[in-house]
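Each residue of the sequence shown is one higher than the one before, counting from 1 in the UniProt record's numbering.
Positions of the beta carbon are idealized from the N, C-alpha and C atoms, including for glycine.
All of these numbers come straight from a predicted model, not from anything done at the bench.
Right, one structure below, let's go through it.
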Amino acid sequence: MNRKQLEISHSGLEMYLDCPRKWYHAHHPKIPKKTDYSRLCGLEVHRHIAQFYRPTREPRAFYFKYKISAIRTWFNRWQRALEEAELRKKLILPDEDKAKEYGRIGAICIANYWNANLKTLRPLQVEQHYRSRLDNGAFLVGVFDQVRQVSLDWIKHHRPEIVKQGKLLDEYENVVIVDLKTGYLSYDYRQFKEDLSLMKRIRLQYELHENLQATLYTFLYERTTGKKPVGFIWYHLRSNKTFFTYRENRDYSILSNNIEYYLENVRAQLFPKHIGYNCKFCDFIEPCREDRYFLIVEPEELLEGLEEVEIVPNLVKKDSCRQLKLKFKIPRKKAKKPVVYLKEEEPIILRNLPWDE
Numbered sequence: 001m002n003r004k005q006l007e008i009s010h011s012g013l014e015m016y017l018d019c020p021r022k023w024y025h026a027h028h029p030k031i032p033k034k035t036d037y038s039r040l041c042g043l044e045v046h047r048h049i050a051q052f053y054r055p056t057r058e059p060r061a062f063y064f065k066y067k068i069s070a071i072r073t074w075f076n077r078w079q080r081a082l083e084e085a086e087l088r089k090k091l092i093l094p095d096e097d098k099a100k101e102y103g104r105i106g107a108i109c110i111a112n113y114w115n116a117n118l119k120t121l122r123p124l125q126v127e128q129h130y131r132s133r134l135d136n137g138a139f140l141v142g143v144f145d146q147v148r149q150v151s152l153d154w155i156k157h158h159r160p161e162i163v164k165q166g167k168l169l170d171e172y173e174n175v176v177i178v179d180l181k182t183g184y185l186s187y188d189y190r191q192f193k194e195d196l197s198l199m200k201r202i203r204l205q206y207e208l209h210e211n212l213q214a215t216l217y218t219f220l221y222e223r224t225t226g227k228k229p230v231g232f233i234w235y236h237l238r239s240n241k242t243f244f245t246y247r248e249n250r251d252y253s254i255l256s257n258n259i260e261y262y263l264e265n266v267r268a269q270l271f272p273k274h275i276g277y278n279c280k281f282c283d284f285i286e287p288c289r290e291d292r293y294f295l296i297v298e299p300e301e302l303l304e305g306l307e308e309v310e311i312v313p314n315l316v317k318k319d320s321c322r323q324l325k326l327k328f329k330i331p332r333k334k335a336k337k338p339v340v341y342l343k344e345e346e347p348i349i350l351r352n353l354p355w356d357e
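Encoded structure:
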């Protein structure tokens with residue numbers, strides 16, 4: 001088949017499922033990429049913890065000799081990241097207080113990781129890239145934060161069904177995939193003052209045991225190594241708690257269905273908007289609104305208020321004069337024309353979008 005290689009990551013897949021229009025804007029090479037303090041902090045914490053495992057001249061647990069040096073270096077890293085983001089105008093809503101807040105959050109994550117891992121075995125792999133060709137010609141890709149070895153005793157407690165006669169089943173390898181999380185939300189039902197009912201606990205952790213990242217990473221590890229990992233650990237750095245989950249073959253069919261849905265719709269150039277709460281935090285509300293004004297209204301009593309609707313101009317303009325070919329890494333049924341973004345100080349020009357037909 002004459003098709004270009006298409007790489008599918010969990011973030012790209014989940015972005016399309018969340019909002020296809022957002023995926024379109026995020027994958028166009030000329031559209032400026034934005035971020036917020038939460039994501040920027042998460043990225044830098046991941047990089048900083050990876051630095052813990054750089055080689056050293058003398059044997060020791062971490063690259064840094066002391067926790068205080070790791071934390072001080074973190075604040076230097078965070079300051080550099082902020083300066084670069086501000087220079088490139090990458091932050092959606094610049095806020096000095098938020099910048100300081102996430103600097104502190106990052107330091108807490110670093111300190112927690114140090115305390116919990118100073119005397120544990122080093123990960124087998126850190127920031128390891130995985131890639132596997134699927135039967136449909138696309139490529140599944142992922143970067144695993146860590147792959148760690150686990151003991152048979154640990155496996156017996158977490159997955160007793162895969163230990164037979166004191167041995168791990170042949171199709172498994174005694175490892176878990178670890179993903180570091182810096183966000184606020186946690187799956188810890190003990191954080192609530194009340195004793196949650198069984199059903200409330202199930203609902204709280206439902207996403208953990210269904211999310212596509214754990215499924216995709218488990219499947220990708222098996223495709224690459226020929227062995228199944230014991231499971232996936234969601235490591236909440238703010239609380240220093242880990243949450244274990246695992247996947248079975250039936251979970252792979254869910255992943256497969258989502259991948260096929262994704263491929264078919266992207267090839268067909270289908271990018272509908274999924275409007276909802278997620279729009280508050282989206283990087284692309286300007287191109288999403290296209291050449292229409294933004295509106296702001298005041299709260300009023302029913303049919304009694306006399307407040308005017310505030311009209312806020314958008315920098316986006318639509319122009320169909322110039323036509324350029326949109327270079328997606330996927331085959332399309334017919335040529336489409338791209339979104340062209342000029343410098344941020346200048347109007348953003350949208351030209352012949354796929355949905356303008």
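Apart from the five residues on each side of it in sequence, which residues of its chain come closer than 8 Å, Cβ to Cβ, to residue i?
i	result
residue 85	35, 40 and 91
residue 223	132 and 140
residue 185	none
residue 53	62, 63, 122, 123 and 126
residue 247	214, 215, 218, 219, 231 and 232
residue 255	212, 215, 216 and 219
residue 258	13, 17 and 212
residue 112	237, 238, 239 and 240
residue 291	314, 316, 317, 318 and 350
residue 188	236, 239, 241 and 243
Could you name the residues that DSSP lists as bridge partners for residue i?
i	result
residue 60	In the DSSP output, where bridge partners are listed per residue, residue 60 has none listed.
residue 179	234
residue 229	173
residue 296	310
Please classify residue i: does DSSP put it in a helix, a strand, or coil?
i	result
residue 184	coil
residue 97	helix
residue 261	helix
residue 208	coil
residue 338	Reliability fails at residue 338, whose pLDDT of 42 lies under 50, so the model's placement of it is uncertain and the value that follows must be treated cautiously. Coil at residue 338, not helix or strand.
residue 353	coil
residue 164	strand
residue 243	strand
residue 275	coil
residue 325	The predicted position of residue 325 is uncertain, since its pLDDT is 45 and thus under 50; no value can be drawn from it.
residue 213	helix
residue 255	helix
residue 220	helix
residue 282	coil
residue 159	coil
residue 200	helix
residue 195	coil
residue 152	helix
residue 248	coil
Throw me the rounded Cβ distance for the residue i and residue j pair, which I believe falls under 8 Å.
i	j	result
residue 168	residue 155	6 Å
residue 182	residue 238	7 Å
Going by beta carbon distance, what residues of the same chain come within less than 6 Å of residue i, once the five residues before and after it are set aside?
i	result
residue 366	No answer is possible for residue 366: the residues shown for the chain start at 1 and end at 357.
residue 281	none
residue 310	296
residue 321	With a pLDDT of 49 at residue 321, under the threshold of 50, the predicted position of this residue should be treated as unreliable, and no value is reported.
residue 148	123, 176 and 178
residue 379	In the structure displayed, the chain extends from 1 to 357; residue 379 sits before or after that span and is not available.
residue 306	none
residue 83	none
residue 252	219
Here's a check: name, in chain order, each residue in its chain whose Cβ is nearer than 7 Å to the Cβ of residue i, leaving out the five neighbours to either side.
i	result
residue 341	Residue confidence is low: residue 341 scores 39 on pLDDT, short of 50, so the model does not pin down where it sits. Its coordinate-derived value is still stated next. Contacts found: 30, 31, 32 and 348.
residue 56	63
residue 81	40 and 44
residue 48	74, 77 and 110
> Could you give the uninterrupted runs of the alpha helix (DSSP H) lying entirely in the UniProt domain "PD-(D/E)XK endonuclease-like" (8-149), keeping only those of 4 residues or more?
Replying inline: Counting only runs of 4 or more residues that sit fully inside the UniProt domain "PD-(D/E)XK endonuclease-like" (8-149), the alpha helix (DSSP H) segments are 10-18, 20-26, 37-51, 67-87 and 96-117, in chain order.
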